[in-house]
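Everything on this sheet refers to the single structure shown next.
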Amino acid sequence: MTLTGWQLAFAFVVFPGVIFTAGVGLLLTWVDRFVSARVQWRKGPPVYQPFADMLKLLLKQTVVPAGASKVTFLIAPLIGFTAMCITAVLLFYVNFFPGDSFVGDMIVLVYLFALPPLATIIGASASRNPLSAVGASREMTLYLGYELPFLLALSVPVILTGGKIRLGDLVMFQQAAGPFLASWSGAIAAIIVLICIQAKLGYPPFDMAEAEQEIMSGVLIEYSGAPLAMFRLTKAMMLFLLPCFLVTVFWGGLTNWWVVLKLLAVVVLVILIKNTNPRFKIDHALRFFWFILGALGIVAVILAFAQL
Amino acid sequence: MKDPRIWGLKKSPWVYHLAAAPCNNCDIEILELLTPRYDVERFGVVLVGSPRHADALLVTGVLNRKSLPRVLEVYEQTPKPCLVIGVGTCACGKQIFRNSYNVVGPYDKYMPVHAYIPGCPPKPETMILGVVKALAKL
Chain A
890 MTLTGWQLAF AFVVFPGVIF TAGVGLLLTW VDRFVSARVQ WRKGPPVYQP
940 FADMLKLLLK QTVVPAGASK VTFLIAPLIG FTAMCITAVL LFYVNFFPGD
990 SFVGDMIVLV YLFALPPLAT IIGASASRNP LSAVGASREM TLYLGYELPF
1040 LLALSVPVIL TGGKIRLGDL VMFQQAAGPF LASWSGAIAA IIVLICIQAK
1090 LGYPPFDMAE AEQEIMSGVL IEYSGAPLAM FRLTKAMMLF LLPCFLVTVF
1140 WGGLTNWWVV LKLLAVVVLV ILIKNTNPRF KIDHALRFFW FILGALGIVA
1190 VILAFAQL
Chain B
12 MKDPRIWGLK KSPWVYHLAA APCNNCDIEI LELLTPRYDV ERFGVVLVGS
62 PRHADALLVT GVLNRKSLPR VLEVYEQTPK PCLVIGVGTC ACGKQIFRNS
112 YNVVGPYDKY MPVHAYIPGC PPKPETMILG VVKALAKL
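Chains as they are written, first to last, in our numbering: chain A, 890 to 1197; chain B, 12 to 149.
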């Protein structure tokens, strides 16, 4: 099925594009704060809290620091936001019409998921603040770290299906033969992707780029008002889209209503990891990703070649 | 309700803790206020690390010649609208330091202050009351 004209505009703006993804993402940030509150034995904020935060930030004054590159500083948040909108449309399209996706859409999605960290690095470097420069360098190192196990893990389903790199094919394969999560290699790969999601979201134990205690929210330190709201919205959308991606690739696709529970389970797992782990140092994180998760990823790939 | 900016400010005041040469007594009580025991996140209050993200500055300590330029700089770095809340007896008045050569006077000589919270140090409940009164005044 091909979307045309108004349908395309609707897909990008309302469902599953900006409005739907942003709304669900903000609700999930509320779930995040609520579960964190319950872990710490307190009540937590009301449901409308993320929306109130967003409204406040959008209407607040925006300060551009003196000496910062103005255009780059203000455009950077939009790069990540746009990437997430495109990701939303693409991801839901391959799930709703699995027979109709194009070859290599998985690679496109991997690149789109790489854009928000890139946008953070660009924005932080443009803001002319030593602490945000430290944050940007940490974000870069972290990105180099998690991308290797992430790609290794994503190659597992491709190998298991005998070289099908279209997400639609992977979804159809899982509908016919059961999710990849049921195989050994698939399970290991899914765990690796889960930990990489943690790092992509910048949640503890991988929040060294935003470490509030040492570098005062690092990469975002100079951002205020609407650009900060954009960054937070991008992160909220990622909190929705990355678990969607995990479920699409490893857990049977977004095919029936059970998927709501699956997504919630993944999100709550991410939040629990976030709440029970202290922050890594950046060199420890890099070592963890390359030598532990990378090794696990190679094991998963070998198992996948053995069709386990 | 008339101005959405004020509504947003009331529903999610992010605080920045600005310690202007205090004795650390008030600061420890502010940290106590942010612990799960009082759970101010119920009201949307979050402690932020950068004044650029802040909606409310919690200032503690007597304003002196050394801290005044720094306090003014942080106030100017904070995007408006923002609240300034003086915490502790030192911030409310000069108290035992009133005859010191170094003290330059109360905060509201230099910036608009929305609430003063007395106490040495004020209890967390007092601070919540002070912030609620400051927000109700908006």
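Glycine included, each C-beta is placed from N, C-alpha and C at the ideal position. Since the structure is predicted, the reported quantities are computational estimates derived from the model, not experimental observations.
Query	Result
Where does Gly97(B) sit, in a helix, a strand or coil, going by DSSP?	strand
To the nearest angstrom, report how far apart Val1148(A) and Tyr1000(A) are at their CA atoms.	25 Å
Excluding the five sequence neighbours on either side, which residues of its own chain have a C-beta within less than 7 Å of the C-beta of Ala972(A), listed in chain order?	Leu1001, Leu1004 and Pro1005
What residues from the region 1023-1036 of chain A come within 9 Å of chain B, judged by C-beta to C-beta, listed N to C?	none
Indicate whether at least one CB of chain B lies closer than 7 Å to the CB of Arg931(A).	yes
Return no unless some Cβ of chain B is closer than 7 Å to the Cβ of Gly912(A).	no
Return the first residue and the last residue of the beta strand (DSSP E) that His1173(A) is part of.	Here His1173(A) belongs to no beta strand (DSSP E); instead the alpha helix (DSSP H) covers Ile1171 to Arg1176.
Between which two residues does the beta strand (DSSP E) containing Tyr112(B) stretch?	That residue, Tyr112(B), is in no beta strand (DSSP E); it is neither H nor E in DSSP.
By how many angstroms is the C-alpha of Glu40(B) removed from the C-alpha of Asn1018(A)?	31 Å
Please report how far the alpha carbon of Trp930(A) lies from the alpha carbon of Thr137(B), in whole angstroms.	23 Å
Taking only beta-carbon atoms, is Arg16(B) less than 7 Å away from chain A?	yes
Based on DSSP bridge pairs, tell me the residues matched to His125(B).	Answer by DSSP bridge pairing: none, since His125(B) is not bridged.
Does Asp1058(A) come within less than 7 Å of chain B when only Cβ atoms are used?	no
Alpha carbon to alpha carbon, what distance is there between Ala1115(A) and Leu948(A)?	7 Å
Check the Cβ-Cβ distances between Lys949(A) and every residue of chain B, and say whether any is below 7 Å.	yes
Look up Asn1018(A) in the DSSP assignment and say whether it is helix, strand or coil.	coil
With 7 Å set as the bound, which would you pick, yes or no: does the beta-carbon of Glu84(B) sit closer than that to a beta-carbon of chain A?	no
Using only CA atoms, which one of Arg1168(A), Gln1064(A), Ser1113(A) and Gly1186(A) lies nearest to Gly1260(A)?	This structure leaves residue 1260(A) out entirely; chain A is present only between 890 and 1197.
Can you check DSSP and say which residues form a bridge with Asn36(B)?	For Asn36(B), which the question treats as bridged, DSSP gives no partner whatsoever.
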